[in-house]
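Protein sequences appear in the order of chains D and X.
Residue numbering for the first sequence follows the working numbering, starting at 1 and increasing by one per position.
Residue numbering for the second sequence follows the working numbering, starting at 245 and increasing by one per position.
Protein chains: 2
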Amino acid sequence: MGRTAAALVIGNEILSGKVQDTNSRSLAIALRGLGIEFQRIVVVSDDVALIASEVNALRHQHDLLFTSGGVGPTHDDVTVEGIARALGRSVVRSSEMESRLRTHYGERLTEGHLRMADVVEGTELYPGSDARWPTMVLGNIFVLPGVPQIFLYKLEGLLPRLRGTEIPYTTRSVYTSADEGPIKPALDRTVANYPAVSIGSYPRWNDSDHHVRVTFDSRDEALSLAASEAFAALLPPATFIRAE
Amino acid sequence: MGRTAAALVIGNEILSGKVQDTNSRSLAIALRGLGIEFQRIVVVSDDVALIASEVNALRHQHDLLFTSGGVGPTHDDVTVEGIARALGRSVVRSSEMESRLRTHYGERLTEGHLRMADVVEGTELYPGSDARWPTMVLGNIFVLPGVPQIFLYKLEGLLPRLRGTEIPYTTRSVYTSADEGPIKPALDRTVANYPAVSIGSYPRWNDSDHHVRVTFDSRDEALSLAASEAFAALLPPATFIRAE
Chain D
1 MGRTAAALVI
11 GNEILSGKVQ
21 DTNSRSLAIA
31 LRGLGIEFQR
41 IVVVSDDVAL
51 IASEVNALRH
61 QHDLLFTSGG
71 VGPTHDDVTV
81 EGIARALGRS
91 VVRSSEMESR
101 LRTHYGERLT
111 EGHLRMADVV
121 EGTELYPGSD
131 ARWPTMVLGN
141 IFVLPGVPQI
151 FLYKLEGLLP
161 RLRGTEIPYT
171 TRSVYTSADE
181 GPIKPALDRT
191 VANYPAVSIG
201 SYPRWNDSDH
211 HVRVTFDSRD
221 EALSLAASEA
231 FAALLPPATF
241 IRAE
Chain X
245 MGRTAAALVI
255 GNEILSGKVQ
265 DTNSRSLAIA
275 LRGLGIEFQR
285 IVVVSDDVAL
295 IASEVNALRH
305 QHDLLFTSGG
315 VGPTHDDVTV
325 EGIARALGRS
335 VVRSSEMESR
345 LRTHYGERLT
355 EGHLRMADVV
365 EGTELYPGSD
375 ARWPTMVLGN
385 IFVLPGVPQI
395 FLYKLEGLLP
405 RLRGTEIPYT
415 TRSVYTSADE
425 GPIKPALDRT
435 VANYPAVSIG
445 SYPRWNDSDH
455 HVRVTFDSRD
465 EALSLAASEA
475 FAALLPPATF
485 IRAE
């Protein structure tokens with residue numbers, strides 16, 4: 001059994017529909033590549049008490065917790081405070097971060113910028129992609145920013161740190177022109193015969209390419225291939241489009 | 245105080261990164277238009293026990309709960325079973341849904357299709373956008389499908405049912421060429437002077453248009469306008485781009 005992970009996405013802008021969250025999908029793809037099971041995403045607003053309560057629930061229920069958003073210098077950036085409250089720790093100014101900010105901003109440095117040097121007591125500053133802008137790590141909590149490009153850049157820098165002994169999942173896909181009703185017998189039989197393969201059925205709406213994509217996921221590449229081939233062989237005549 | 249809402253997005257395909265969830269954003273935009281406060285999004289896998297537990301938490305903590313996904317005919321469509329378990333009810337075949345499915349599919353009807361006639365005992369079938377394909381409603385739970393086009397179509401059909409007495413939020417935005425450090429004094433002062441306005445600061449990365457967008461949200465249009473104008477007047481010289 002490999003490690004499990006959750007994401008806590010923080011930001012009023014997601015819940016008001018101003019911004020589409022794409023960070024949790026970037027994280028999903030990265031965790032998948034590592035073979036870590038991504039079990040839950042929670043999105044909440046910029047509220048210290050809510051963040052604290054979710055951080056505490058998620059960090060105990062999962063091996064790894066990633067937060068997204070709320071780490072800049074402005075009033076609505078309250079993730080650090082939320083995590084501090086969850087852990088019952090103080091927020092302290094990091095001299096290491098302060099010195100990096102002073103070097104970077106020079107004469108342009110404001111008191112506002114310095115707020116980004118405030119960290120939860122006991123924070124590890126992991127160098128990651130760019131030693132000048134380390135990522136805050138608190139035990140099993142990885143604190144990432146909301147801006148998608150920086151989220152992804154920092155996430156990539158965490159990969160060596162996150163890599164464990166898990167074997168990544170392999171996905172095989174079968175595309176069919178039939179809808180879910182007629183393929184259900186083939187699907188049910190394959191599900192019964194391959195209990196160790198996670199099988200998903202994804203219908204499309206007005207897609208000129210295919211009607212349903214069926215995916216076969218397993219940490220055992222040969223098994224996902226075998227399940228996909230068994231399913232394809234059971235499909236109603238002339239409904240198979242392709243496998244990949 | 246208006247009503248609050250949560251979304252439960254169900255699907256392994258989101259957590260594996262195969263698919264980007266866009267339904268929760270469609271819901272965010274719709275709820276915003278209605279003036280309903282969207283407080284939380286939770287994404288979990290196709291697991292009956294997990295769905296049941298989340299449904300029970302979310303339906304009690306919020307006035308409205310919307311589920312997305314897991315309502316088709318295949319083995320991985322377990323949302324109805326999850327909601328039934330949450331409510332301590334049975335899954336029963338709806339004769340109304342069965343007759344609609346028989347009419348629609350005619351001779352092509354399979355046992356698989358009929359699984360879509362299985363509903364939680366006591367389900368209300370709300371006609372919505374298309375009386376042929378009603379939406380399942382259970383008290384404050386609205387059950388929507390995962391396919392984005394159908395999700396949106398059904399959501400639009402629910403709007404008359406969801407509309408209450410809430411006054412929708414108005415958003416004013418100020419775009420600036422400064423980064424968050426230098427605008428923080430103007431921001432902090434505006435936040436202090438307009439406690440009834442929800443103010444958000446959203447930095448962009450390598451955007452040729454602007455560096456930070458600051459938004460001012462209120463159910464009182466005049467107040468959000470006043471806050472945005474007060475903030476714009478406090479910005480450092482030559483950093484204001486536009487307001488809208």
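All residues carry an ideal CB built from backbone N, CA and C; glycine is no exception.
Query raised in the report: Which residue or residues does DSSP assign as beta-bridge partners of Leu-8(D)?
Result: Val-42(D) and Thr-67(D)
**Report entry** Same chain, Cβ closer than 8 Å to Tyr-202(D), neighbours up to 5 away in sequence not counted
**Finding:** Val-212, Arg-213, Val-214 and Thr-215
Query raised in the report: Cα-Cα, which of Met-245(X), Asn-267(X) and Thr-248(X) is closest to Glu-400(X)?
Result: Asn-267(X)
Query raised in the report: So, is the C-beta of Thr-367(X) closer than 8 Å to a C-beta in chain D?
Result: no
Query raised in the report: So with Cβ pairs under 8 Å, would you call Asp-76(D) a contact of chain X?
Result: yes
Report task. Alpha carbon to alpha carbon, how far is Met-97(D) from Trp-133(D)? Give it in angstroms, no decimals. Result -> 8 Å
Query - Top-ranked residue by Cα proximity to Glu-281(X), from Leu-358(X), His-357(X) and Thr-248(X) - result: Thr-248(X)
Query raised in the report: What is the C-beta distance between Ser-270(X) and Ala-28(D), in whole angstroms, given that I count them as a contact (C-beta under 8 Å)?
Result: Contact flag wrong, Cβ pair sits at about 19 Å.
Query raised in the report: If you run the structure through DSSP and keep just helix, strand and coil, what is Val-197(D)?
Result: coil
Query raised in the report: Per DSSP, Ile-385(X) forms a beta bridge with which residues?
Result: Leu-309(X) and Leu-382(X)
Query raised in the report: With DSSP run on the structure shown, which of helix, strand or coil describes Arg-85(D)?
Result: helix
Query raised in the report: Rounded C-beta distance between Glu-81(D) and Leu-8(D)? I'm assuming under 8 Å.
Result: Not really, about 14 Å apart at Cβ, beyond 8 Å.
Query - Under the three-state DSSP convention, the category Thr-266(X) falls into - result: coil
Query raised in the report: Using a Cβ-Cβ distance under 8 Å, would Asn-140(D) count as near chain X?
Result: no
Query - Inter-residue CB distance, Val-387(X) and Val-441(X) (contact presumed, cutoff 8 Å) - result: That pair is no contact at about 35 Å.
**Report entry** Under 8 Å from the C-beta of Ser-338(X): neighbouring residues of chain D
**Finding:** By Cβ distance, chain D contributes nothing, its closest Cβ being about 17 Å from Ser-338(X), past 8 Å.
**Report entry** Span of the beta strand (DSSP E) around Ala-487(X)
**Finding:** 484-487
Query raised in the report: So Leu-58(D) packs on Val-78(D), CB below 8 Å; how close in whole Å?
Result: The Cβ separation is near 17 Å, so there is no contact.
Query raised in the report: Just to check, is the beta-carbon of Ala-232(D) closer than 7 Å to a non-hydrogen atom of the ligand GDP?
Result: This structure lacks the ligand GDP, and indeed carries no ligand of any kind.
Report task. Using a Cβ cut-off of 8 Å, pull out every chain D residue sitting near Trp-377(X), in sequence order please. Result -> What Trp-377(X) touches in chain D: nothing, since even the nearest Cβ is about 13 Å away.
Report task. Pull up the distance between the alpha-carbon of Pro-392(X) and that of Ala-274(X), whole angstroms please. Result -> 14 Å
Query raised in the report: Hey, quick one: how far does the alpha helix (DSSP H) through Tyr-397(X) stretch, first residue to last?
Result: 392-406
Report task. Go through its chain and collect everything with a Cβ distance to Ala-474(X)'s Cβ below 6 Å, but skip five positions before and after it. Result -> Thr-434
Query - Reference Ile-295(X), options Arg-276(X), Leu-308(X), Gln-283(X) and Ile-254(X), closest by Cα - result: Ile-254(X)
Query - Neighbour-count burial assignment, Gly-356(X), 16 or more Cβ in a 10 Å radius - result: buried
Report task. Please say whether Arg-359(X) and Pro-317(X) have beta carbons closer to each other than 8 Å? Result -> yes
Report task. In the DSSP assignment, find the alpha helix (DSSP H) that holds Leu-358(X) and state where it starts and stops. Result -> 355-358
Query raised in the report: In chain order, what residues of the same chain lie with their CB nearer than 8 Å to the CB of Leu-138(D), ignoring the 5 residues before and after it?
Result: Ile-83, Leu-87, Val-120, Gly-122, Thr-123 and Glu-124
Query raised in the report: By how many angstroms is the C-alpha of Asp-209(D) removed from the C-alpha of Gly-2(D)?
Result: 35 Å
Query raised in the report: So, does the CB of Gln-39(D) fall closer than 8 Å to a CB anywhere in chain X?
Result: yes
Requested in this report: Counting only the same chain and skipping the five closest in sequence on each side, list residues whose C-beta sits under 7 Å from that of Arg-93(D).
Outcome: Ala-117 and Asp-118
Requested in this report: Determine the burial state of Ile-141(D): buried for a count of at least 16 other Cβ atoms within 10 Å of its Cβ, exposed for fewer.
Outcome: buried
Query raised in the report: Within the 8 Å Cβ cut-off, does Arg-242(D) reach chain X?
Result: no
Query raised in the report: Who are the neighbours of Ala-28(D) on chain X, taking C-beta pairs under 8 Å?
Result: Ile-258, Leu-259, Ser-260 and Gly-261
**Report entry** Closest by C-alpha distance to Tyr-194(D), when choosing among Val-19(D), Thr-165(D) and Leu-225(D)
**Finding:** Leu-225(D)
Query raised in the report: Shortest alpha-carbon distance to Ala-250(X) belongs to which of Asp-461(X), Pro-426(X) and Asn-300(X)?
Result: Asn-300(X)
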